[in-house]
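The sequence shown begins at 0 in numbering that gives the first Met the number 0 and counts up one residue at a time.
A virtual CB, placed ideally from N, CA and C, is assigned to each residue, including glycine.
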Amino acid sequence: MIVLAPLLLSVAVPAAVEPRCTSFATLSAADQKQYGSRYRFRVRTKGKAVAEQWVRSQACPEARAARRERRRAPLTRADGRPCTKTRTEMRPVTSGGSMTMLPHRVCIR
0 MIVLAPLLLS
10 VAVPAAVEPR
20 CTSFATLSAA
30 DQKQYGSRYR
40 FRVRTKGKAV
50 AEQWVRSQAC
60 PEARAARRER
70 RRAPLTRADG
80 RPCTKTRTEM
90 RPVTSGGSMT
100 MLPHRVCIR
């Protein structure tokens, strides 16, 4: 039993998960095709370091999944309780130099 204890402890501890995508080169071919022009634009205008940071925060599948989960999360009030009543407000957003209005859900009280 003493011999098995270290083995059980080593199995029970979860290993740190490495992110699948750490740079543009590690993206899948389909994602490279989809995000290639935006990546090259950032490399040209802001530098490779900023472009790689953008890939990790926006283009990686893990980052996209995290954003999707945040969007699907239920609305909460300032005190952390879930909203029971919501309304839709139109918020101004820039889009390529012009302004447009997008619907945004907000809590009522």
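In the structure shown, what three-state DSSP assignment does residue i receive?
i: Thr25; result: helix
i: Ser108; result: Rather than Ser, the amino acid found at residue 108 in this sequence is Arg. Arg108: coil per DSSP, three-state reduction.
i: Pro81; result: strand
i: Pro73; result: coil
i: Ser97; result: strand
Assuming residue i is part of the beta strand (DSSP E), what are its boundary residues?
i: Val92; result: 85–94
Skipping 5 residues on each side, what residues in its chain have a beta carbon closer than 6 Å to that of residue i?
i: Ala58; result: Tyr34
Go through its chain and collect everything with a Cβ distance to residue i's Cβ below 8 Å, but skip five positions before and after it.
i: His103; result: Thr87, Glu88, Met89, Arg90
Rounded to the nearest angstrom, what separates residue i and residue j at their Cα positions?
i: Thr75; j: Gln52; result: 30 Å
i: Ala48; j: Arg63; result: 20 Å
i: Ala69; j: Arg55; result: A quick correction: the sequence has Arg, not Ala, at residue 69. Between Arg69 and Arg55, the C-alpha separation is close to 17 Å.
i: Leu26; j: Arg108; result: 43 Å
i: Thr85; j: Ala72; result: 14 Å
i: Arg37; j: Lys45; result: 12 Å
i: Cys20; j: Ala65; result: 14 Å
Ordered list of alpha helix (DSSP H) runs contained in the region 32–64, each at least 4 residues: For the alpha helix (DSSP H) assignment, the uninterrupted runs of no fewer than 4 residues enclosed by the region 32–64 are, from N- to C-terminal side, 47–53.
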